[in-house]
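Going by the numbering used here, the residue at position 87 of the sequence shown is 502; the numbering climbs one at a time, nothing skipped.
Backbone N, C-alpha and C define an ideal beta-carbon position, used for all residues, glycine too.
One structure below.
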Amino acid sequence: MRSQRSPGLVAVLGWITCYCALYTTAAIDIPLEVLGHVNIEQLPTITDQSPSTVIAFPFDESFPVTCEAKGNPEPEFRWTKNGVEFDPFLDPRLMKEENSGTFVIENNGNLTEYQGIYRCYASNKLGTAISEEIEFYVPSVPKFPKETLAPLEVEEGQPFILQCDPPKGIPPLQIYWMTINLQHIEQDERVSMGLNGDLYFSHAEHKDSRRDYCCFAAFPRIRTIVQKIAMAVIVKTKKSDMSPEAANAILERRPSLLTPSGGRSETQLVKGEDLKLECIAEGFPTPQVEWVKIGHQLPVRAKLENHGKLLIVPKVEQEDKGKYMCKAKNLLGEAIHYFTVRVEEPPEWLFEPESQLSMIGSDVLIKCSASGTPPLAISWRVNGVPLQDAPAANRKTLGETIVLHNAKASDSAVYQCEASNRHGSLLSNANIMIMNLPPMILTKEGEDYSAVEGKGVMMHCRVFSSPPSTITWSRDDSSESVEGPRFSVHDNGSLEIYSVEKDDTGQYTCLAKNTEGTSAIEAMLYVKDPTSIVVAPEDQQILMGTTAQLSCLAEYDKSFSNDFQLLWEKDDIELTLNYTENSRYFVEDGSLQIINVSHRDQGVYTCVARTPVDTATASALLMVLDVPDAPDNLVLSEHKSKSVKLKWFPGDDHNSSTTEFIIEYEESQWEPGNWKELLQIPGNHNSAVVKLHGHVDYCFRVSGVNAVGRGLPSEPTERYKTPPAAPDKNPENIKIEGHLPHEMDINWEPLLLIEQNGPGLEYKVSYRRQDMEEDWKEHMVKRHSFVVTNTPTFVPYEIKIQAKNHQGWGPEPKIVTGYSGEDSFFWICPKEVTSVPSAAPDDVAVEVMNSSVVKVSWMRVHKDKLHGHLGGYRINWWRLRSLADSKTSHGDKHTLTFPGDRNHATVPGLTPFSEYSLIVMTFNGRGNGPGSHPVNFKTPEGVPEKNPVFRVTDVQKHTVSLVWDPPSEPNGILTGYLLDYQYINDTEEVGPLQMVDIRNPRTTKWILRELEPLSKYKFYLRSCTTVGCGPVVSEESTTTLETTSTSASTVGLSLASIHGGISTQGWFIGLMSAIALLTLIVLIACFVNRNKGGKYSVKEKEDLHPDVESQGMNDDTFCEYSDNDEKPLKGSQHSLSREIKAGDSGDSLVDYGDEDVQFNEDGSFIGEYAGRKEKRVSAEIKAAAQTPA
């Protein structure tokens, strides 16, 4: 730092480091903590003093009276007591300290002589500072006077007052009225205590007679409670010649006020105190008190106490002043009192005098202004002496301001301003220093500043001088000051640069100059890259108990590599990472991991990227999801015989809205401890009315459900037992079956134990024939089944079942219809046939849906032709031929069973591009009816099946030969093949896919050329029709190192030539030729043997597959059920075959046995056609048996 100044100021500059000068005014605030150490003279300043009141509590050992000050030279202290000089050093009983104005009064039992008002004066040669007045108060021990009180006699019905008259003491004062046994006197509208402690009785009653009314006065600050002598009250009963009832009656009278007296009163209080107004009235009946504010509403803060007799307005303000009225009234009249409330204020500074440093020759203004009610008295002192006792030629008083004209160094002094009224006083000391000083720069020389590009920077140059200095900043040894919209020199000398640029890097100089000299310092500015967060954490919703991960990645200036910090905060509080076994927070590469997330982990997490010059942050909200908490306060209400209302408070849903509440019950009679679900209600409800059964001892609980799951249940309710009642319902799921002729079995689901509503449950079974007018036949049973005997064969009955218990009958039951038993068989001479349906469905139609699915519809069979219960319909179909050739080849017959009454069904799993034939039949409990007329239909083209053979036949250095067989089922007209191949190896490297489009469908081999030697390839083949291409078959092969003349049938043979060249040896060639010849002979023999056994008679085929359906239907047919009329039954029953003449049709059903084909619920096949496989195996076995060995 460069400077030009007098040598005497060097010591000053060595200490001053923190004061900033203000340059816009002629006066400067003096920082007292700085001037206390500056090597120049300074005025005394009071730094510490006792509060305005020091109370000598009897339990304290000593009482310090404090006065501390600073100044240069060190100030000397003196005291006044009650305006008279008081020297603590002359009293040996007082403890003193050197260089301090404080003295300590020991509690030696004789403190009264020290009671008084003290003031401290701290002086040096420049002036005097004074303290505020300090009152030392020695409280006396409060006592009630010793007195003898005569009993108070009062007539019944008359008012009376018990006076307390508590002794004076240090507030607060608390008064209690109790008996001699310390039992509180009960207070109410008739009996109450006033603000003065007296106990008021609106009218006397006989029970008020007692001899131990005691008033207790408590003084908490001095830990003292005193008791007044007990008072006796005797209530006299009126004597009269009238009847006892009239003699004891209290005469009614209109109200009058016991306190306050008169019709008007005035109340004054200080702003901030509590306004308390009371009206206590006497009269009979006991008067009620009302309060109003004349012309205004009562203050909103106002409250009533003491049964409406006391009005309190806490912390009163000016707007609370005005007129208030209390009105005490009963049936006979009213009494009124008006209060005028005035609010006054203690002194309060409007402008407190300030310490100033001014240069010689300037005009100094010292202003002092305060407010208060009543108006304040303002007094001035200089160095503790009244202003009029210390005249000065250049000093004038103008209202609230003192003016020092053309101030000199000798005018330096301490000015005191005191403002006071009857509610208190304010005192302020203002140090006025008049001197000239050259600039002293308090900022260190050579400071380095770092700034972030695009942000602002502040470079400091703090100066202390008188008069104020002019501050200029220049750059890089230039004498020109920095200028421009981005540069600003503040009043305190600091240079602020807005939106810093890289070119702002360099050396800067601060120059301070006034009339007494100059001073300068230099500073260096470095501009850094800004810190930014490039990967910010994202808001998350995480399940409780799992692990949350928040990512954060930041960029920053490279020069801060050792000073960069990446921190994490939760809700603006930095997370502490201790990496212990119990720690759940881990940070790795900037990412924060929270293990075993709990509810307390929810909050806002902030990633903080920090360098010495800037900070970047990014925040994310972590929400913890959990099941709802258990509902609270589950209660029962609106108890009724068949219902009760439940109400509860929902538990915390933990950030996932409650979607429903589940109400459960437990009963104590049949399954105690087993909770069962009763009701589900929406999550936005918190009450429900639940219907109940009779004669059940219930207990309830509720649990909430949200997207996370089901929460814990609430605490159970108390038990609620409903009275017995008649049954609410009758049995359901009534089944009427006719297993035997002339009988009808009736079964039903019995009522649950909880549904019985009381003891003595029975069932009334009623039945009658539907087609005849007859009375109901009734039977009472206790079981849940009944058999009606001697019924006609298969006739309809009406049945109803009604529940009954000791309390009465259940509701009127519904009527259901059922049939009696069916015949086993009937005779049509001369041949016996089963009682199966006698008609086939008409108008059978087929709608082709796609290449493998058709929809079949038909006209229903009339119920008169069913001869029993309708079991459903069966569809039989078989493949006639493939449309790809004209050869007829009957396929296996397939069957689908559809239960119930319906007129359409879907048949899936057909072979595309084929012709089919189809019939429909119905069945009942005894078997199948006749089949409909066959309907032929064709399926459209589809994609081919996959090729059965695809292999590599020859492998060379650059070529591979492939052969394949056409697909076994082209499902249309073949249009060609798609051959794809690509380079592969044992690593993850895969070459591009190459495609060869083979347009000739008769092509079955192909040679791929221009392949890489010693490379592994994969080949893919698909067959195509006009509809599309079928599934892929694939092969792999590896090309050889060199081309060989021998054709290898496998890749292994090609590779063998690489290792030793054994394929060129004669013995090896001979061996392979022999193996190939033997293989060819075996294949020819097998082919001839197979063709010789290819045909067999239909009779033999039927022998191998006997018709199991001719043995009748399984009795379990009606136990099967489907909820979709498009779905076949699982495990469909075999169809019954019928005899058809051999010459009637080429598609006669004689050639086909009934087969059972299973489907999934979606209509897809379960496995392959079992019938086709079995027939092929059978044919091969029979053919082999017919061929000679």
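As far as DSSP is concerned, Glu512 takes part in no beta bridge.
Here Val731 carries a coil assignment [DSSP, helix/strand/coil]. Taking a 10 Å sphere around the C-beta of Glu697, we find 16 or more other C-beta atoms and assign the residue as buried. For Phe474, there is no enclosing beta strand (DSSP E), as DSSP gives it neither H nor E. Put simply, the stretch 1127-1144 touches the stretch 1213-1225. At least three CB pairs are less than 8 Å apart. Here Asn497 is exposed: its Cβ has fewer than 16 other Cβ atoms, across all protein chains shown, within 10 Å. Between the alpha carbons of Ser1329 and Ser1267 lies a distance of about 10 Å. With a beta-carbon spacing of about 12 Å, Ile849 and Ser770 fall beyond the 8 Å limit used to define contacts. Per DSSP, the continuous beta strand (DSSP E) segment holding Tyr1212 begins and ends at Pro1211 to Asn1220. Rounded to the nearest whole angstrom, the C-alpha separation of Tyr1288 and Asp1300 is 33 Å. Straight across, the Cα-Cα distance linking Thr1455 with Ser1006 is about 53 Å. Three or more Cβ pairs closer than 8 Å define a contact, and the stretch 715-723 falls short of that threshold against the stretch 665-674.
Here the alpha carbons of Pro1043 and Glu984 stand approximately 28 Å from one another.
Nearest in C-alpha terms to Thr517, of all of Asn523, Leu526 and Arg534, is Arg534.
Taking the C-beta atoms as reference points, Gly584 is found nearer than 7 Å to Phe634. Around the beta carbon of Met1410, a 10 Å sphere encloses fewer than 16 other beta carbons of the protein chains shown; the residue is thus reported as exposed.
Boundaries of the beta strand (DSSP E) around Leu1333: Ser1329 to Asn1339. Note that the C-beta distance between Gln1185 and Pro1211 is below 7 Å.
For Glu749, the uninterrupted beta strand (DSSP E) run begins and ends at Gly748 to Phe766, by DSSP. Note that the C-beta distance between Leu852 and Ser881 is below 7 Å. The stretch 1147-1164 makes no contact with the stretch 1094-1101: fewer than 3 CB pairs, one atom from each, lie closer than 8 Å. Contact check for Ser786 against Leu813 fails: the beta carbons are separated by 7 Å or more. With contact defined as three or more Cβ pairs closer than 8 Å, the stretch 819-831 and the stretch 899-914 are not in contact. The three-state reading of DSSP puts Arg638 in coil, since its state is none of H, G, I, E or B. The bridge partners DSSP lists for Tyr1435 are Asp1395 and Ser1449. Straight-line spacing of the CA atoms in Asp475 and Asn522 works out to 7 Å. A residue is called buried once 16 or more other Cβ atoms fall within 10 Å of its Cβ, and Glu1082 is buried on that count.
Look at Gly932 here: in three-state DSSP terms it is strand. DSSP places Met1038 within a strand segment (E or B) once states are collapsed to three.
Counting of Cβ neighbours within 10 angstroms places Asn997 among the exposed residues, the total staying below 16.
Judged by DSSP in its simplified three-state form, Lys583 adopts coil rather than helix or strand. The stretch 922-936 and the stretch 868-880 touch, with three or more beta-carbon pairs separated by less than 8 Å.
Nearest to Glu1164 by C-alpha distance, out of Lys1136, Phe1201, Gly1173 and Glu895, is Phe1201. Listed in chain order, the non-local C-beta contacts of Glu767 below 6 Å within the same chain comprise Ser843, local neighbours out to five positions each way being set aside. Using a Cβ distance threshold of 7 Å, Lys1353 and Pro1428 do not count as a contacting pair. DSSP places Asp1369 in the uninterrupted beta strand (DSSP E) bounded by Phe1365 to Val1370.
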